[in-house]
Each structure stands twice: as C-alpha cells, then as structure tokens.
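Taking the working numbering, the leading residue of the sequence shown gets 1171, the next gets one more, and so forth.
Built from N, CA and C at the ideal position, the CB exists for glycine as well.
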Amino acid sequence: MKAMVWHGRRDVRCDAVPDPTLREPTDAIVRITTTAICGSDLHLYEVLEPFMEPGDILGHEPMGIVEEVGADVTHVRAGDRVVVPFNIACGRCFMCDRGLYSQCETTQVREHGCGAALLGYSKLYGQVPGGQAEYLRVPQAHFGLIKVPKGPPDERFIYLADVLPTAWQAVEYAAIPDGGSVAVYGLGPIGQMAARIARYRGARVIGVDIVPERLAMARRHGVETIDANEHDDVPAVIRDMTDGRGTDSVIDAVGMEAHGAPTVKAMQTLTGMLPDSIAQTLFQKAGVDRLTVLLEAIDTVRRGGTISISGVYGGAMDPLPMLKLFDKQIQIRMGQANVKRWVDDIMPLVSGESDPLGVDDLATHHLPLEQGPHGYEIFQRKQDGAIKVLLHP
Ligand SMILES: NC(=O)c1ccc[n+]([C@@H]2O[C@H](COP(=O)([O-])OP(=O)(O)OC[C@H]3O[C@@H](n4cnc5c(N)ncnc54)[C@H](O)[C@@H]3O)[C@@H](O)[C@H]2O)c1
Ligand SMILES: [Zn+2]
Ligand SMILES: [Zn+2]
C-alpha cells in the first residue's frame, strides 16, 4: 500500500510499504478514505525530529471503512464506516474508567514517561504506524472505533478523530462563565473549532493569529479578531476590549512552535542537528518551548480566570512567571484530548442536516495521498490559503 513516510526534517514522502495485518484480537484493519494533516504533525516535521525514525508512517486523523476485525471487536464489522480516535485507549483500565483516555494505562509509553500511545506520533507515543495510508491497523479497536452513519461526506465526520474533541475539551477546560468571554490564541484548525464551540455555547470570543485568511475564517463565524502582527502588546489590546480586566478565559491553541521567539527557535533548530540520542536527552532534560503565546495568555486572562492549553508543549525546563500566576490567581488546565470522552456530546452537532459548528467550512485542500508532501509544505508555510488539508488515499 501507499503511505506518508517520515524520512527526515521537513522530508516526508508517499512510499510503498507492506500492508498492515491483524495482530491482536482487539485489532481492526480499516481502509482509509480520508485522513487529515494536523498541526501536531508539524512538530514531527521539525522540532520532534530526535524522536522519529526514517520509515515511520505518519497520521492520526483517519476515517474509512472497516475491512477486517479481530475476535474481540464486536461493536463494528466489515463494511462499517468508522472514524479512528488519535489516542489508543483500552476503555477498561483505571484511567479509561475516569474518561482520561489519553492516559490509558494499557497503552502508556512508560519507557519515555508518556501517556497513552497515539497513532503515528513518534517514539514518545509508542511509534505506532499512522493513518496517512491506504490501510491502517487500529490497536484497541474494540473500544476506539467510532461508528458513523453512511451518506454524508467524510468532511462531516473526519474531525471527530481529533480536531473537534480537542477543541471541545479546550472549551470545557477553559471554564468560561455563562455569558463570559474567551480569547483564543491561534486560529489553526483547533483554534477555529474552539472559537466556534465557545460561540455556540454563548461566549464572546476574541481570536488572535497572524495569518489573514485564518483571521477572516474566524470572522465568518462570529469571532472578533486581532492580527498579532499589527500590535506590540496583544494582551493590552484585549484588556482594552474588556473593561481593562482581560477575558474570563484564554485558550492557547498554538503551542511550542509559536512565532516570535527567535532565541528558542535557534535552540530547537540546534537540537535537530545533534545525533538523536544526545538530542533526545537534551530535549527531555533541558528542552525549552517557544513560550510567546503562553506568556501572552497569562497576561491576557483576567484575575481569577482560567487558561486552557491545547497547543502541545514539550520542554522540560520552561521558565514561567510564578509571581504573576500566583498573584492573579490563575487556573491552568491542559493535555491531549480524551477523544471518546466528548464524542457523544459532539455527534449530534455533526450528524444532523444543519451544521451548527460549520464543519463544512474548515478544509481548504483535498489532495490525493500522493500529494501529501505538498500538503505538509503548504500547511506548514501557510501558503495557498491552507488551513486544513485532507488527503484521500
Ligand atoms: N491537545 C491535543 O490533544 C491536541 C490535538 C491536536 C492539536 N494540538 C495542538 O494544537 C496546536 C494547534 O494545532 P492546529 O492543527 O490548529 O495547528 P496550526 O499550526 O495550524 O495552528 C497554529 C496557529 O497558531 C498561529 N500562531 C503562531 N504563532 C502565533 C502567535 N505568536 N500569536 C498568535 N497566533 C500564532 C499560527 O499562525 C497558526 O494559525 C498545535 O500545537 C497542535 O500540536 C493539540
Ligand atoms: Zn491531530
Ligand atoms: Zn485504558
């Protein structure tokens, strides 16, 4: 089969690789019809290079048709249409019992001190072959696979794999009071959907980004926007818009590769030039993130407010302004999305006739799998209006 294979920094290719086969009774094989490129894939494309190996198959936002199931997979069968969650969870351990699927104790990657294994997401998360491929072996399929109805286009359901549950959890964790306000930093796919979900629930939403078409998309969905390129002090602009206090809540949908931190960027680049074993140790012991946006979030949120971090961070020694955090009495919640925890809440919003979250207005590019490398390039460089790229094997 064909798959998107990682070869090196900014080097992914559509290669021929062996077809996957069932290995465990809890596995399923899915023929992929749509598979998305995520902002998280961009970290693998560059800064997480030390944890990747040439030959790794990428991708964690797939959906398709079940080909074959193992003996323990009974809730779906061959021919069913399914979405595959990006985290791999057993559904029956201590963490899964608490809805903390991204911490599943059956699949935790203890070797690296990490939570649940993820599809196509580096050695840190189990080095599981990913879903930007014609076929995917889905581990823990007896619990993971989400059955969706036949009929509507893939675009209606594909975001259940990651974008929508991540955005939903971002809004839940942001704890926006009734009729309150939230600032969303980063208007990539995650920020777009977090902003729309917050609007849908009645919040005032202020979105921040630096890419004109992303700001324009957010405005189409009722978001007030700020172009961070036009202001030296974005938090001050937001305070001016909110009686001098700042928003009740802030969502950081940018993460460790925020623009505007040249020194740290140089360090992240340097790590990429070291041999893997040294770079891995350095990253896990002394790595730092580009904290531009998190620091702005701390500055933006009102006293007593909540920050919800869905952007991925990976540093080990990030310096934080503890005085400000403590004095402002700020609460912070974060983490990988516990995908299945939110699916029942979201499903009614994507499966009806109406489209309250506007999922039909997110994908900007539909490409055949062979053009995946081009998809990565335009998504990373934000060229050609790319906001969400969907690949069709
Ligand atoms: N927690 C989870 O489970 C989870 C799941 C999916 C994605 N993520 C993470 O969420 C983040 C966003 O993902 P995405 O798919 O939307 O990716 P993306 O890369 O398209 O979005 C990031 C956005 O941030 C903007 N940005 C960069 N620097 C900025 C700055 N200084 N101020 C304002 N905006 C800035 C970029 O222009 C871009 O639009 C990534 O870090 C990704 O890894 C987390
Ligand atoms: Zn993703
Ligand atoms: Zn579990």
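Taking 7 Å as the cut-off, one finds at least one heavy atom of ligand 2 near enough to the beta carbon of Cys1208.
Taken through DSSP and simplified to helix, strand or coil, Val1393 comes out as coil. Taking a contact to require three or more Cβ pairs closer than 8 Å, the region 1327-1347 and the region 1501-1509 qualify as touching. Our two residues, Asp1515 and Gly1285, have alpha carbons roughly 24 Å apart in a direct line. The beta carbon of Tyr1305 lies closer than 8 Å to those of Met1171, Asp1189, Pro1190, Ile1199, Val1200, Arg1201, Ile1202, Glu1237 in the same chain, with the five residues before and after it left out.
For the region 1456-1492, the continuous beta strand (DSSP E) assignments of 3+ residues that do not extend past its boundaries occur at 1471-1479, in sequence order. For Asn1257, the three-state secondary structure derived from DSSP is strand. Going by beta carbons, Val1471 and Asn1257 fall outside the 8 Å limit. Counting only runs of at least 4 residues, the region 1504-1531 fully encloses the following alpha helix (DSSP H) elements, listed from N- to C-terminal order: 1509-1521. Taking all protein chains in view, the Cβ of Phe1264 is surrounded by fewer than 16 other Cβ atoms within 10 Å, so the residue is classified as exposed. Within 10 angstroms of the beta-carbon of Gly1372 lie fewer than 16 other beta-carbons, which makes it exposed.
In this structure, Ala1248 has its CB at a distance of at least 7 Å from all heavy atoms of ligand 1. Set against 7 Å, the gap from the CB of Glu1194 to the closest heavy atom of ligand 3 is not smaller. Taking the CA atoms as reference points, Leu1315 sits about 43 Å from Thr1412. Only buried fits Ile1207, as 16 or more other CB atoms lie within 10 angstroms of its CB. When secondary structure is reduced to three states using DSSP, Gln1454 falls in the helix class. Unbroken beta strand (DSSP E) stretches of 3 residues or longer found wholly inside the region 1353-1427: 1374-1379, 1394-1397, 1417-1422, given in chain order.
Apart from sequence neighbours up to five positions away, the residues of its chain that approach Val1407 with a beta-carbon distance below 7 Å are Ile1396, His1401, ordered along the chain. Closest option to Gly1475, judged by alpha-carbon separation, among Val1378, Trp1338, Phe1496: Phe1496.
Distances from the alpha-carbon of Arg1384 to those of Ile1367, Arg1374, Glu1394, Gln1362 put Gln1362 closest. DSSP places Glu1238 in the strand class (E or B) of the three-state scheme.
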